[in-house]
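So this is what it looks like as structure tokens:
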């Protein structure tokens, strides 16, 4: 029987995943690998592993094989982590896999972007089980009701790899790929301090995340994990504010699912204005601080 | 020590790509083909490792038709010692690719498989992890730094929120991300010289039945330009109207 195992690496994955599960229309169990998830998301049951952190891919994927048995669909929100782990799980299960699903036509037909978003492919899955990573922006919001039973399970994530160190994002800003508001800056922000003050200032005022162009990252004024675009993060916030960003194809590939795009740029001919819902031709050094003071 | 570098022939990543009018494939007329840029980064990294340890042997491998020889020749020019072309006319999905590579790995027994994190045509990001799973080898995806010491690889990898460092005991599978290195430029004489290096063609070993099928390709809906606003006040008002502020 068709059933979905929805995997939440972190508790915040669960809400986005429940919307996908609703659209898929299959009964689902929700596996919480770390932390505890909301119980009113419609899962038949919640499997709670309670690990302090997600083990390296080989360990956690092997541990998931047993849990995944009996499910026709195994899915998680698309992220670098889920691609790392779920593709390995698909290999262990000899499963079909669909990466970055953005829509579905049936439980076996999905749409996904290819070639940096310049093509949308309709993919039919020919074998069970299928492993899916999906981008939440394309799917419904979950309905909240009821309360799922919680079952504690033990996951042995023993890995052949040793995690030596982890450097993470500091501060309290939301995760880029899940944020409702993203403020991004480009290379015109001349150094890291200016970038943080101007872009970070507006982001903090709006409770949003900070993003950057590849050029800004390559020139050292923004951290790698802030890069938005084809080779960085794909974002889909309600509001995307691009300051001093010309709008390369590479960057656009990462932002086009945003609900509202605002462009602030000195150059009125910048390609970003061709996709922006609201464009303001202005010097970002004047306009962004003014915007920060007025929102 | 031996490093295997799988290489995919992909449509020029900088070309404007369109589907064919009937949606049956990508319009490749007048478009060049290249080594998948992330595989090229993996190849460059293998060559840099060999420059530190001359005993390393680099084998590049591609899967596809005879046309893939062009990309394998380039890998030889970059510094691979030999190349293998696994010939098939079938279009393989990632599980199929992983199975062909697995068969080759079991035969050649490399200590490290170094490949791109994803191909820039299908953007799947699957084959390396599936290969590592089938082999039971540890993996480090999205690598931004690779160091080998004895039988240990130390890999700095990019994560959703920053970086982490993994120590893997070899053999292992590592995938290259954008910032691992910048591949060298190969001048024409290097490509000509590489013609004398061995390139073996052999039939596909597994020919797995595909698990997915592309039904059609289409262009995504285009966003159109919205409204120009004249001031920050006008912008704030518009965003409030729209309900996003």
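Protein chains in written order, with the numbering used here: chain A, -3 to 291; chain B, 1012 to 1256.
Just so it is clear, CB atoms sit at the ideal spot from N, CA and C, and this is done for glycine as well.
Within 8 angstroms (strictly less), CB to CB, does residue i reach chain A?
{"i": "residue 1074 (chain B)", "result": "no"}
{"i": "residue 1121 (chain B)", "result": "no"}
{"i": "residue 1020 (chain B)", "result": "no"}
{"i": "residue 1108 (chain B)", "result": "no"}
{"i": "residue 1082 (chain B)", "result": "no"}
{"i": "residue 1230 (chain B)", "result": "yes"}
{"i": "residue 1043 (chain B)", "result": "no"}
{"i": "residue 1157 (chain B)", "result": "no"}
{"i": "residue 1125 (chain B)", "result": "no"}
{"i": "residue 1105 (chain B)", "result": "yes"}
{"i": "residue 1152 (chain B)", "result": "yes"}
{"i": "residue 1225 (chain B)", "result": "yes"}
{"i": "residue 1118 (chain B)", "result": "no"}
{"i": "residue 1149 (chain B)", "result": "yes"}
{"i": "residue 1236 (chain B)", "result": "yes"}
{"i": "residue 1246 (chain B)", "result": "yes"}
{"i": "residue 1221 (chain B)", "result": "yes"}
Within a Cβ cutoff of 6 angstroms, which residues of the same chain sit near residue i, ignoring the five residues on either side of it in sequence?
{"i": "residue 1174 (chain B)", "result": "1167"}
{"i": "residue 61 (chain A)", "result": "88"}
{"i": "residue 1138 (chain B)", "result": "1105, 1108, 1109"}
{"i": "residue 40 (chain A)", "result": "23, 25"}
{"i": "residue 229 (chain A)", "result": "172, 173"}
{"i": "residue 191 (chain A)", "result": "181, 185, 217, 218"}
Taking 8 angstroms as the CB-CB cut-off, is residue i touching chain B?
{"i": "residue 271 (chain A)", "result": "yes"}
{"i": "residue 143 (chain A)", "result": "no"}
{"i": "residue 168 (chain A)", "result": "no"}
{"i": "residue 220 (chain A)", "result": "yes"}
{"i": "residue 123 (chain A)", "result": "yes"}
{"i": "residue 216 (chain A)", "result": "no"}
{"i": "residue 211 (chain A)", "result": "no"}
{"i": "residue 114 (chain A)", "result": "yes"}
{"i": "residue 131 (chain A)", "result": "no"}
{"i": "residue 252 (chain A)", "result": "yes"}
Do you know offhand how far residue i's Cα is from residue j's?
{"i": "residue 293 (chain A)", "j": "residue 220 (chain A)", "result": "Because residue 293 (chain A) is not part of the residues shown, which for chain A are -3 to 291, the question remains open."}
{"i": "residue 255 (chain A)", "j": "residue 1254 (chain B)", "result": "11 angstroms"}
{"i": "residue 82 (chain A)", "j": "residue 4 (chain A)", "result": "12 angstroms"}
{"i": "residue 162 (chain A)", "j": "residue 204 (chain A)", "result": "24 angstroms"}
{"i": "residue 293 (chain A)", "j": "residue 144 (chain A)", "result": "Any property of residue 293 (chain A) remains undetermined from this structure, which presents chain A solely from -3 to 291."}
{"i": "residue 1094 (chain B)", "j": "residue 1235 (chain B)", "result": "47 angstroms"}
{"i": "residue 301 (chain A)", "j": "residue 207 (chain A)", "result": "Beyond the ends of chain A as shown, which are -3 and 291, falls residue 301 (chain A); an answer cannot be given."}
{"i": "residue 121 (chain A)", "j": "residue 99 (chain A)", "result": "14 angstroms"}
{"i": "residue 170 (chain A)", "j": "residue 1070 (chain B)", "result": "43 angstroms"}
{"i": "residue 74 (chain A)", "j": "residue 127 (chain A)", "result": "11 angstroms"}
{"i": "residue 142 (chain A)", "j": "residue 1178 (chain B)", "result": "44 angstroms"}
{"i": "residue 1084 (chain B)", "j": "residue 1192 (chain B)", "result": "21 angstroms"}
{"i": "residue 277 (chain A)", "j": "residue 260 (chain A)", "result": "6 angstroms"}
{"i": "residue 56 (chain A)", "j": "residue 1039 (chain B)", "result": "40 angstroms"}
Residues in the same chain with beta-carbon distance under 7 angstroms from residue i, minus the five sequence neighbours each way, listed in chain order, please.
{"i": "residue 1028 (chain B)", "result": "1022, 1037"}
{"i": "residue 47 (chain A)", "result": "29, 30, 151, 153"}
{"i": "residue 1106 (chain B)", "result": "1141, 1219, 1222"}
{"i": "residue 249 (chain A)", "result": "112, 113, 225, 226"}
{"i": "residue 1068 (chain B)", "result": "1013, 1092"}
{"i": "residue 1250 (chain B)", "result": "1256"}
{"i": "residue 291 (chain A)", "result": "201, 202"}
Tell me which same chain residues have a C-beta within less than 8 angstroms of the C-beta of residue i, skipping the five on either side of it?
{"i": "residue 1050 (chain B)", "result": "1016, 1017, 1018, 1019, 1126, 1127, 1130, 1187"}
{"i": "residue 79 (chain A)", "result": "95, 129"}
* To do: Could you tell me whether the stretch 1092 to 1102 of chain B touches the stretch 1030 to 1048 of chain B, using the rule of 3 or more Cβ pairs below 8 angstroms?
  => no
* Given a limit of 7 angstroms on CB to CB distance, which residues of the stretch 1173 to 1193 of chain B reach chain A? -> 1173, 1174, 1175, 1176, 1177, 1178, 1179, 1180, 1189, 1190
* Between the stretch 171 to 205 of chain A and chain B, which residues of the former have a C-beta closer than 9 angstroms to a C-beta of the latter? -> 171, 172, 173, 176, 177, 202
* Would you list, in chain order, the members of the stretch 59 to 87 of chain A that have their beta-carbon closer than 7 angstroms to a beta-carbon of chain B? => 75, 76, 77, 79, 80, 83, 84, 86, 87
* Could you say if the stretch 234 to 246 of chain A and the stretch 1199 to 1208 of chain B meet the contact criterion of at least three C-beta pairs nearer than 8 angstroms? => no
* Asked: Do the stretch 121 to 132 of chain A and the stretch 1230 to 1239 of chain B touch if we need at least three Cβ pairs shorter than 8 angstroms?
  -> no
* For the stretch 1077 to 1088 of chain B and the stretch 66 to 76 of chain A, state whether three or more C-beta atom pairs, one from each stretch, are separated by less than 8 angstroms. => no
* Count the CB pairs spanning the stretch 78 to 95 of chain A and the stretch 270 to 287 of chain A that are closer than 8 angstroms, and state whether there are at least three. => no
* Would you say the stretch 192 to 204 of chain A touches the stretch 1211 to 1218 of chain B, given that touching needs at least three Cβ pairs under 8 angstroms? -> no
* Near-chain B residues of the stretch -1 to 32 of chain A - C-beta to any C-beta below 9 angstroms -> none
* Flag this pair as touching only if the stretch 1051 to 1065 of chain B and the stretch 1143 to 1160 of chain B have three or more C-beta atom pairs under 8 angstroms; answer yes or no. => yes
* **Contact list for the stretch 1050 to 1061 of chain B against chain A, Cβ threshold 7 angstroms** => none
* **Contacting positions in the stretch 227 to 238 of chain A - beta carbon closer than 7 angstroms to chain B** => 227, 234, 235
* Asked: Along the stretch 1127 to 1144 of chain B, what residues have a CB closer than 9 angstroms to any CB found in chain A?
  -> 1128, 1129, 1131, 1132, 1133, 1134, 1135, 1136, 1137, 1138, 1139, 1140, 1141, 1142, 1143, 1144
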